[in-house]
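What follows is a single structure, written as structure tokens, with notes after it.
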Amino acid sequence: MSEMAYRNGSFVTMEPDLHGPAHTMTESRHPHHPKRLRWFDILLLAIPCVAVLIVPFYNRVEPKLWGIPFFYWWQLMWVPLCSVFLGLVYLRLRRRRAGS
Amino acid sequence: MHFWTIAVFLVCFVLVGWIGLRAARWQSGDLRELHEWGLGGRRFGRWVTWFLIGGDLYTAYTFIAVPALVFGAGALGFFALPYTVLVYPLVFAILPRLWSVAHRHGYVTAADFVAGRYDSPLLALAVAATGFIATMPYIALQLVGIQVVIAALGLPTGPGWVGEIPLFVAFAVLAAFTYVSGLRAPAMIAIVKDALVYITILALILVLPIKLGGFAAIFAQVPRDHLLLPAVHGGQLGLQSFYVTLALGSAMALMFYPHATTAVLSARGTDTLRWNWVFLPAYSLVLGLIALLGFMAQAADLSRMPDLAPYFQTFGPQFAMPGLLLHFFPQWFAGLGLAAVAIGALVPASIMSIAAANLFTRNLYKAYLRPQCSPHDETQMAKWMSLVVKLGALLFILFLPLQFAIQLQLMGGILILQTLPAIAGGLYTRWFDPRALLMGWLAGMGWGIWALSLTSFQKSVYALSLGSWTIPGYVGIYALLLNLLVAVLATLVLRLVGLAHRRDITQTADYLG
Numbered sequence: 016m017s018e019m020a021y022r023n024g025s026f027v028t029m030e031p032d033l034h035g036p037a038h039t040m041t042e043s044r045h046p047h048h049p050k051r052l053r054w055f056d057i058l059l060l061a062i063p064c065v066a067v068l069i070v071p072f073y074n075r076v077e078p079k080l081w082g083i084p085f086f087y088w089w090q091l092m093w094v095p096l097c098s099v100f101l102g103l104v105y106l107r108l109r110r111r112r113a114g115s
Numbered sequence: 048m049h050f051w052t053i054a055v056f057l058v059c060f061v062l063v064g065w066i067g068l069r070a071a072r073w074q075s076g077d078l079r080e081l082h083e084w085g086l087g088g089r090r091f092g093r094w095v096t097w098f099l100i101g102g103d104l105y106t107a108y109t110f111i112a113v114p115a116l117v118f119g120a121g122a123l124g125f126f127a128l129p130y131t132v133l134v135y136p137l138v139f140a141i142l143p144r145l146w147s148v149a150h151r152h153g154y155v156t157a158a159d160f161v162a163g164r165y166d167s168p169l170l171a172l173a174v175a176a177t178g179f180i181a182t183m184p185y186i187a188l189q190l191v192g193i194q195v196v197i198a199a200l201g202l203p204t205g206p207g208w209v210g211e212i213p214l215f216v217a218f219a220v221l222a223a224f225t226y227v228s229g230l231r232a233p234a235m236i237a238i239v240k241d242a243l244v245y246i247t248i249l250a251l252i253l254v255l256p257i258k259l260g261g262f263a264a265i266f267a268q269v270p271r272d273h274l275l276l277p278a279v280h281g282g283q284l285g286l287q288s289f290y291v292t293l294a295l296g297s298a299m300a301l302m303f304y305p306h307a308t309t310a311v312l313s314a315r316g317t318d319t320l321r322w323n324w325v326f327l328p329a330y331s332l333v334l335g336l337i338a339l340l341g342f343m344a345q346a347a348d349l350s351r352m353p354d355l356a357p358y359f360q361t362f363g364p365q366f367a368m369p370g371l372l373l374h375f376f377p378q379w380f381a382g383l384g385l386a387a388v389a390i391g392a393l394v395p396a397s398i399m400s401i402a403a404a405n406l407f408t409r410n411l412y413k414a415y416l417r418p419q420c421s422p423h424d425e426t427q428m429a430k431w432m433s434l435v436v437k438l439g440a441l442l443f444i445l446f447l448p449l450q451f452a453i454q455l456q457l458m459g460g461i462l463i464l465q466t467l468p469a470i471a472g473g474l475y476t477r478w479f480d481p482r483a484l485l486m487g488w489l490a491g492m493g494w495g496i497w498a499l500s501l502t503s504f505q506k507s508v509y510a511l512s513l514g515s516w517t518i519p520g521y522v523g524i525y526a527l528l529l530n531l532l533v534a535v536l537a538t539l540v541l542r543l544v545g546l547a548h549r550r551d552i553t554q555t556a557d558y559l560g
């Protein structure tokens, strides 16, 4: 059973291979694909995650903000900050795609 | 009975039913095709996707349960916040790969992807069944949200047939528009729902602190042991490790709940999705504010108010949010807010039933029962199935104790996490052998259910002992670690004896987009 499929600008035959790796194409063939996340993108995505995972750091009442204990405003603050970091990665991806 | 509350509520509800039925004609496509009925033709743009995913993930049950949890348990209930912060970086990195490969190969469910990636219908069936089972109680809980609202309106909520009529009506509206319009209906209704939710929450969060004397006064009323998580002492990590693992586990599970997959796959492209993840945290902010409502209900001492006490007796802390609406706002506004919650139940319930129907049709009916069925038969089956799934949820609510649905929903997240190695793992590598993944899945499911049974399915916490340390954590995360361990070891063994296979109909380039 084989079928023709349009892949990466050319027609290729897709054939399930019963013996070895289905396709010789490996991740290393696309290291600079514009939509791949680079290590710095991953770092940017990790920052808001780490900020809300460090419970012993923010599990405290002081300093308060408008009467709201630190525990609560610290986590609330990271919601919009999470958007900022995601936005940075989004812009980086878009710039790379425009440049490629 | 509150006349104006009910009147405003009914107007909103009728409007939404009408929009849902009309939605079939919007961006019209051939609704006899599964990807048209069940994925809206994969054509939803930035704004529709934003409303759809927001309406999908932040359910009515969330609006009821999160303030209820904070009202009852304090700081621990705030885990919903790190949970919804964690989920966006995760989906931003991972889910565009799922969209790309699904788009190239016409996959409608995550189990479709697993079938293609591993050439293993059995593993796909396991993934599909897990998703289906986890979704059912979730739909039931949406109906519970509607039930709480009906009670708040002053309408009867049973027992007896007369008392169930309002719930039946809500159910009929939901079933009709989902059947007729497919995913287009919740997508359009989500816009109305979100407008109502934002208005309600803004009003609550602006008015209540003023009426209650400011945040300082509100937090002063919170019992000390509810204000923070208990401190770590000795080797006992207490609730802190549970808080972290619960947030992380819930975020990872949310990604691969079938209704999340359905909403993600219906987007027009990966750029639409990424743009959405940037702006979706706006909903998390709302969620955080909703969580604070729990403390406000406590500060106002709502549960002791004579007019609200009977409700609290029936629904417990779940009545915190509706109680605030009824007590502090004029009748018509309470109607608007309650409509927001009820419609907030219809949107996810509709998407969940579509997602469950897609799973059943694609990965059981077509894969095993009738492989030769035509695309039109397939879609018809999915439409019927969406009705069956919702009817099941309704019967669930009518005939089984409410506690049962809540416990099953608790288990649902743990089950979904066990499909993570197959789905998320598969998006990055074909290293795992499908049989090894199946073994890991079994181990994770088995251990997870056993660990839950230790607390009679009341709590999702398991206290892991490592030397002199006790680390209470979310059962789902521990089960996932066991699952991964088994999958890795079994893959290594299968490879060593030369039995592992790497059949795969996807290519590396399929995942980038």
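Sequences listed follow chains A and R, in order.
Under the working numbering, residues 16 to 115 are what the first sequence spells out, in order.
Under the working numbering, residues 48 to 560 are what the second sequence spells out, in order.
Where a beta carbon is used, it is the ideal one built from N, C-alpha and C, also for glycine.
Predicted model, so just to flag it, every value in this text is computed and none were measured.
For residue i, does the count of other Cβ atoms within 10 angstroms reach 16, so buried, or fall short, so exposed?
i                : result
Gly121 (chain R) : buried
His280 (chain R) : exposed
Val104 (chain A) : buried
Ser43 (chain A)  : Unreliable positioning characterises Ser43 (chain A) in this predicted model, as indicated by a pLDDT of 47, which lies under 50. The coordinate reading is nonetheless provided below. Result: exposed.
Phe56 (chain R)  : buried
Ser512 (chain R) : exposed
Tyr21 (chain A)  : Unreliable positioning characterises Tyr21 (chain A) in this predicted model, as indicated by a pLDDT of 35, which lies under 50. A coordinate reading is not provided.
His306 (chain R) : buried
Gly545 (chain R) : exposed
Trp37 (chain R)  : Look at the range of chain R in this structure, 48 to 560, and you will see that residue 37 (chain R) is not part of it.
Glu211 (chain R) : buried
Leu128 (chain R) : buried
Pro562 (chain R) : Here chain R covers residues 48 to 560 and nothing more, so residue 562 (chain R) does not appear.
Tyr475 (chain R) : exposed
His82 (chain R)  : buried
Ala381 (chain R) : buried
Arg351 (chain R) : exposed
Assuming residue i and residue j are in contact, meaning their beta carbons sit under 8 Å apart, how far apart are those beta carbons, in whole angstroms?
i                : j                : result
Gly85 (chain R)  : Ile401 (chain R) : 5 Å
Leu68 (chain R)  : Val227 (chain R) : 6 Å
Gly460 (chain R) : Gly523 (chain R) : 6 Å
Pro49 (chain A)  : Arg111 (chain A) : 4 Å
Thr225 (chain R) : Ser507 (chain R) : Not quite, the Cβ-Cβ distance comes to about 30 Å (not below 8 Å), so this is no contact.
Val132 (chain R) : Ala338 (chain R) : That belief does not hold up - the Cβ atoms of Val132 (chain R) and Ala338 (chain R) are roughly 13 Å apart, past 8 Å.
Val436 (chain R) : Ile186 (chain R) : 7 Å
Gly82 (chain A)  : Gly261 (chain R) : 6 Å
Gln465 (chain R) : Ala526 (chain R) : 6 Å
Val113 (chain R) : Gly124 (chain R) : 7 Å
Thr247 (chain R) : Gly384 (chain R) : 4 Å
Between which two residues does the alpha helix (DSSP H) harbouring residue i extend?
i                : result
Pro233 (chain R) : 231-258
Tyr130 (chain R) : 127-152
Ser397 (chain R) : 378-407
Glu83 (chain R)  : 81-84
Thr309 (chain R) : 305-312
Glu425 (chain R) : 422-446
Gly491 (chain R) : 481-500
Arg321 (chain R) : 317-326
Met92 (chain A)  : 85-114
His374 (chain R) : 367-375
Tyr475 (chain R) : 467-475
Gln505 (chain R) : Segment: none, Gln505 (chain R) is in no alpha helix (DSSP H) and carries neither H nor E.
Ser288 (chain R) : 285-302
Met458 (chain R) : 449-464
Where do the N-terminal and C-terminal ends of the beta strand (DSSP E) with residue i fall, by residue?
i                : result
Trp516 (chain R) : 516-521
Leu511 (chain R) : 508-513
Can you find a heavy atom of the ligand GDP that lies under 8 Å from the Cβ of residue i?
i                : result
Val435 (chain R) : Although the ligand GDP was asked about, the structure shown includes no ligands whatsoever.
Can you pull out the residues from the stretch 524-546 of chain R whose beta carbon lies closer than 9 Å to at least one beta carbon of chain A? none
In the stretch 74-94 of chain A, which residues sit with their C-beta less than 8 Å from some C-beta in chain R, listed in chain order? Asn74, Arg75, Val76, Lys79, Trp81, Gly82, Ile83, Pro84, Phe86, Tyr87, Gln90, Leu91, Trp93, Val94
Check distances from the C-beta atoms of the stretch 113-143 of chain R to those of chain A and list, in chain order, the residues that come in under 9 Å. Ala122, Phe125, Leu128, Pro129, Tyr130, Thr131, Val132, Leu133, Tyr135, Pro136, Leu137, Phe139, Ala140, Pro143
When you check each C-beta in the stretch 258-272 of chain R against every C-beta of chain A, which residues fall closer than 7 Å? Gly261, Phe262, Ala263, Phe266
Identify each residue in the stretch 44-63 of chain A for which the Cβ-Cβ distance to at least one residue of chain R is less than 9 Å, and report them in chain order. Arg44, His45, His48, Pro49, Lys50, Arg51, Leu52, Asp56, Ile57, Leu59, Leu60, Ala61, Ile62, Pro63
For the stretch 308-321 of chain R, which residues have a CB atom closer than 9 Å to at least one CB atom of chain A, in sequence order? Thr317, Asp318, Arg321
In the stretch 209-243 of chain R, which residues sit with their C-beta less than 9 Å from some C-beta in chain A, listed in chain order? none
In chain order, which continuous runs of the alpha helix (DSSP H) of length 4 or greater are located wholly inside the stretch 95-131 of chain R? 107-120
Against chain A, which members of the stretch 74-97 of chain R pass a CB distance test of less than 7 Å? none
Taking only runs of the alpha helix (DSSP H) that begin and end inside the stretch 156-181 of chain R, which ones reach a length of at least 4 residues, in chain order? 157-165
Can you pull out the residues from the stretch 461-492 of chain R whose beta carbon lies closer than 9 Å to at least one beta carbon of chain A? Tyr475, Thr476, Arg477
Pull out every residue of the stretch 415-442 of chain R whose Cβ sits closer than 9 Å to any Cβ of chain A, in chain order. none
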